[in-house]
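Presented below is the structure to which this report refers.
There are 2 protein chains.
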Amino acid sequence: MLAQGFRVLQREGHSRARVGELSTAHGVVQTPAFMPVGSQATVKGLSSDDLTGLGFEMVLCNAYHLYLRPGHQLIAELGGLHRFMGWSRSILTDSGGYQVFSLAPLCKVSDDGVTFQSHLDGSLHHLTPERVIEIQESLGADVAMTLDECLRYPAAEDAAEAALLRTTQWARRSRDARRRPDQLLFGIVQGAHYPGLRARAAAALVEIGFDGYALGGLSVGEDKEVMYVALDAAVAELPESAPRYLMGVGTPEDLIEGVAHGMDLFDCVMPTRHGRTGWLFTSFGRVLIKNAQYARDESPVDPTCSCPVCRSYSRAYLRHLFLAKEMLGVRLNTLHNLHFFATLMTGLRDAVRQGRLAEFRDQFYANREACQT
Amino acid sequence: MLAQGFRVLQREGHSRARVGELSTAHGVVQTPAFMPVGSQATVKGLSSDDLTGLGFEMVLCNAYHLYLRPGHQLIAELGGLHRFMGWSRSILTDSGGYQVFSLAPLCKVSDDGVTFQSHLDGSLHHLTPERVIEIQESLGADVAMTLDECLRYPAAEDAAEAALLRTTQWARRSRDARRRPDQLLFGIVQGAHYPGLRARAAAALVEIGFDGYALGGLSVGEDKEVMYVALDAAVAELPESAPRYLMGVGTPEDLIEGVAHGMDLFDCVMPTRHGRTGWLFTSFGRVLIKNAQYARDESPVDPTCSCPVCRSYSRAYLRHLFLAKEMLGVRLNTLHNLHFFATLMTGLRDAVRQGRLAEFRDQFYANREACQT
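Chains as they are written, first to last, in our numbering: chain G, 1 to 373; chain E, 374 to 746.
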């Protein structure tokens with residue numbers, strides 16, 4: 001087994017950006033990294049071979065979804081999540097906090113934990129921080145997340161403070177509950193968009209001590225500027241030596257800014273979900289493939305893209321598949337979008353290594369401006 | 374360009390079975406062959422690379438669907454169907470007769486042709502035999518089919534006779550309308566389940582002269598025995614030197630029997646459609662993947678199968694994907710089923726070459742009996 005943990009390999013002088021390596025029980029993840037979302041033990045439409053082919057080294061799965069269906073015990077009996085989904089690289093599991101608070105039709109929080117109704121069959125469940133660790137250990141995630149209390153945006157400061165105090169208590173109980181030495185555990189910094197609360201939350205988590213620190217509850221509707229002030233306040237309290245994970249973020253622009261602000265890990269449903277609605281990411285901005293302008297367009301989605309979709313298929317064909325509601329369209333769109341995100345992260349890592357993140361960012365926006373569609 | 378046409382390479386002494394090669398403008402198709410159905414210029418869920426990987430040398434697309442959406446002219450402008458769908462091997466297009474009579478909400482036949490409403494938007498269309506050839510030539514199919522009149526089962530003998538007379542007239546007009554020398558044209562033998570009508574229809578088509586002969590309107594509800602009597606009556610009138618295509622057939626059992634009865638080409642939605650409903654083909658019979666018995670089953674769908682799905686995934690995982698309505702489940706099921714059909718055809722060709730088709734058939738049924746699920 002590899003020595004697990006995080007190592008910063010290089011820092012950029014002009015920003016907070018850094019490149020590093022997150023070593024898990026299943027290999028090395030080069031950071032900054034984007035994790036495709038495979039909530040139900042599959043990144044929608046793609047196989048594990050597809051993801052390996054795209055170059056991803058870690059995927060995110062969801063403890064909430066897998067706990068409800070097919071059940072973490074069943075996955076444990078079958079040898080764990082990696083074997084179940086045929087993925088031999090790293091897996092991070094989200095604790096389920098966000099899903100409990102956003103998907104469950106009923107949800108009641110107490111200091112002990114959270115009681116909620118399944119969105120699948122209405123059955124009643126109670127999850128505690130300890131139980132959530134047990135679930136993620138059963139799944140065999142390489143990185144587990146602590147249970148956190150998530151608030152809807154905008155949250156009042158006193159509500160945000162109460163939630164972060166509870167989240168901090170839960171984080172301590174989570175750390176005390178962990179049993180698997182081969183699993184990394186990340187704490188989640190809450191505190192809404194209040195810089196003071198974010199700083200307090202981060203400091204409290206660092207005192208408890210985790211293998212990494214995540215920022216939850218950002219990019220939920222607040223202005224970008226507000227988000228980065230809150231984020232910076234948290235980062236100031238976090239050790240340089242630990243990985244930082246900006247949860248549920250984001251757009252290509254968010255990834256660039258996030259890296260510049262010192263973030264190491266990201267996840268977002270955007271490339272996969274947008275793929276399903278025919279929204280394609282390109283170097284020159286979005287392509288909405290259903291648009292009539294592409295009906296007779298022989299060119300690939302992005303002429304500068306080297307993905308298998310752009311090498312073989314035209315915009316006209318992808319538009320036809322989309323309008324005919326053909327499953328292949330969703331698959332090809334998803335492959336293209338995830339390739340775009342993977343390539344963006346490779347570009348960002350190179351730029352940070354070469355100390356030219358600002359130029360990379362300028363070039364990124366210049367490409368958009370030049371060919372606005 | 375290759376010399377186009379059909380060549381019988383070897384006959385089996387104990388049956389009517391033969392192996393051959395159908396050479397088209399896009400390559401050689403080893404027969405007997407099964408064609409996956411890609412009605413709308415895509416075999417649902419799979420890319421052209423997937424189909425090549427599975428070993429298929431020809432796919433079936435549908436002139437009716439492509440005429441309505443995205444339009445054959447658009448596909449012609451974009452360089453033809455091969456280029457449009459990124460498939461460099463052979464394509465057979467069905468004429469659309471079957472779809473007009475089964476999908477269109479309104480449909481009126483005259484000697485001139487057929488007037489029908491689009492199932493997509495209710496728009497009114499008129500297709501003649503000549504127009505259907507023009508559409509398939511625009512698409513650039515390697516093998517085109519003549520327009521035929523299809524009856525619902527059971528058809529009365531006088532109705533079947535009238536339909537076959539019209540189909541024969543349409544076949545002559547189709548042959549006279551063809552312009553592309555790089556496209557093979559097959560006539561379609563109708564005549565319902567009446568051996569006398571089938572023989573007359575076949576003889577009439579041979580007199581007109583086609584590159585191949587298809588049997589349409591079989592396996593539509595009649596007993597298998599009845600079907601093979603009608604089929605044999607037609608085959609007796611067909612030249613040994615021309616390829617014979619049993620349209621819309623069928624089950625693995627149908628393919629074995631069809632080969633024994635001298636058929637060279639088959640197509641059917643079964644492997645793809647059943648894949649979408651979780652019905653998996655195996656050497657020991659069907660596996661309905663949703664069944665509770667597979668919830669904790671670590672074994673592959675078929676332990677004797679060498680497909681990419683059986684090499685990487687368990688029944689338990691496929692069941693999970695099916696119950697979670699995950700698109701990857703449909704894709705993996707489809708890949709497995711089409712691999713089963715491709716492998717069956719390879720086995721059948723080998724068996725015919727080695728003169729042991731009867732043993733192959735016996736073994737096929739013995740495997741089923743031995744492990745009935």
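Every residue, glycine too, gets a C-beta built ideally from N, C-alpha and C.
Please return the same chain residues whose Cβ sits closer than 7 Å to the Cβ of residue i, not counting the five positions on each side in sequence.
i	result
Tyr-294(G)	Arg-315, Ala-316, Arg-319
His-445(E)	Leu-439, Ile-508, Ser-511, Leu-512
Ala-731(E)	His-387
Phe-714(E)	Phe-407, Pro-644
Ser-396(E)	Leu-375, Ala-376, Gln-377, Gly-378
Tyr-437(E)	Gly-469, Gln-472, Val-473
Arg-7(G)	Gly-20, Glu-21
Leu-717(E)	Pro-625, Leu-628
Thr-304(G)	Ser-283
Ser-592(E)	Met-600, Gly-621, Val-622, Gly-623, Asp-627
Val-206(G)	Glu-237, Leu-238, Pro-239
Val-642(E)	Val-410
Asp-94(G)	Leu-60, Asn-62, Ala-63, Met-145
Ala-532(E)	Leu-524
Arg-646(E)	none
Taking 8 Å as the limit between beta carbons, can you name the residues of its chain near residue i, skipping five residues before and five after?
i	result
Arg-16(G)	Val-235, Ala-260, His-261, Gly-262
Ser-47(G)	Gly-86
Ala-739(E)	none
Gln-490(E)	Ala-477, Pro-478, Leu-479, Cys-480, Ser-496, Leu-497, His-498
Ser-299(G)	Ser-314, Arg-315
Arg-669(E)	Ala-689
Thr-373(G)	Bear in mind that a pLDDT of 48 at Thr-373(G), under 50, signals an unreliable position, so the number given afterwards is only what the model happens to contain. So the qualifying residues of the chain are Phe-284, Gly-285, Arg-286, Val-287.
Identify, in the order they occur along the chain, each residue of the same chain with its Cβ nearer than 6 Å to the Cβ of residue i, setting aside the five sequence neighbours on each side.
i	result
Ala-177(G)	Glu-130, Ile-133
Thr-540(E)	Asp-521, Glu-522, Gln-563
Gln-335(G)	Here residue 335(G) is Leu; the residue named in the question, Gln, does not match the sequence. Only Val-309 meet the Cβ criterion.
Arg-353(G)	Gln-10, Val-19
Leu-164(G)	Gln-190, Gly-191, Leu-197, Ala-201
Leu-216(G)	The question names Leu, but residue 216(G) in the sequence shown is Gly. Once the five neighbours on either side are set aside, the close Cβ partners of Gly-216(G) are Asp-148, Ile-188, Gln-190, Met-247.
Met-500(E)	The question names Met, but residue 500(E) in the sequence shown is Leu. Once the five neighbours on either side are set aside, the close Cβ partners of Leu-500(E) are Gly-486, Val-487.
Arg-734(E)	Ile-629
Asp-640(E)	Met-408, Val-410, Leu-433
Arg-180(G)	Glu-137
So who's on the other strand from residue i, going by DSSP bridges?
i	result
Pro-108(G)	Contrary to the premise, residue 108(G) reads as Lys rather than Pro in this sequence. Beta-bridge pairing links Lys-108(G) to Thr-115(G).
Met-35(G)	Asp-267(G)
Arg-391(E)	Arg-384(E)
Val-682(E)	Its beta-bridge partners do not exist; DSSP assigns none.
Is there at least one non-hydrogen atom of the ligand NAP closer than 7 Å to the beta-carbon of residue i?
i	result
Arg-131(G)	As far as ligands go, the structure on display features none, and thus does not contain the ligand NAP.
Assuming residue i contacts residue j under a Cβ cut-off of 8 Å, what Cβ separation, rounded to an integer in Å, is found between them?
i	j	result
Leu-278(G)	Phe-322(G)	Checking the sequence, you will find Gly at residue 278(G) rather than Leu. With a Cβ gap of about 5 Å, Gly-278(G) and Phe-322(G) count as contacting.
Ala-144(G)	Gln-183(G)	5 Å
Pro-36(G)	Leu-338(G)	6 Å
Ala-324(G)	Arg-442(E)	6 Å
Tyr-586(E)	Gly-569(E)	Between Gly-569(E) and Tyr-586(E) the Cβ distance is about 17 Å, and since that is not below 8 Å, they are no contact.
Gly-418(E)	Val-602(E)	Gly-418(E) to Val-602(E), Cβ: 37 Å. No contact.
Val-622(E)	Leu-653(E)	Between Leu-653(E) and Val-622(E) the Cβ distance is about 20 Å, and since that is not below 8 Å, they are no contact.
Glu-12(G)	Gly-355(G)	6 Å
Arg-548(E)	Leu-558(E)	7 Å
Ala-162(G)	Ile-208(G)	Contact flag wrong, Cβ pair sits at about 19 Å.
Asn-333(G)	Gly-258(G)	Contact flag wrong, Cβ pair sits at about 24 Å.
Asp-49(G)	Leu-92(G)	Actually they are not in contact, since the Cβ atoms of Asp-49(G) and Leu-92(G) sit about 20 Å apart, beyond 8 Å.
Would you call the segment 76-93 of chain G in contact with the segment 41-60 of chain G, where contact means no fewer than 3 C-beta pairs closer than 8 Å? yes
Near-chain G residues of the segment 387-417 of chain E - C-beta to any C-beta below 7 Å: Gln-413, Ala-414, Thr-415, Lys-417
Can at least three beta-carbon pairs, one atom from the segment 219-235 of chain G and one from the segment 189-203 of chain G, be found at a separation below 8 Å? yes
In chain order, what residues of the segment 650-662 of chain E put their CB closer than 7 Å to some CB of chain G? none
Against chain E, which members of the segment 58-90 of chain G pass a CB distance test of less than 7 Å? Arg-69, Pro-70, Leu-74, Glu-77, Leu-78, Phe-84, Met-85, Gly-86
Residues within the segment 703-714 of chain E neighbouring chain G, beta-carbon criterion of under 8 Å: Val-703, Arg-704, Leu-705
Residues in the segment 629-640 of chain E having any Cβ partner in chain G nearer than 9 Å: none
Pull out every residue of the segment 534-547 of chain E whose Cβ sits closer than 7 Å to any Cβ of chain G, in chain order. none
What residues in the segment 45-57 of chain G have a beta carbon less than 8 Å from any beta carbon of chain E? Gly-45, Leu-46, Ser-47, Ser-48, Asp-49
Residues of the segment 508-529 of chain E with Cβ closer than 7 Å to any Cβ of chain G, in chain order: none
Going along the segment 289-317 of chain G in order, which residues come within less than 8 Å of chain E, judged by CB to CB distance? Ala-295, Arg-296, Glu-298, Pro-308, Ser-312, Tyr-313, Ser-314, Ala-316, Tyr-317
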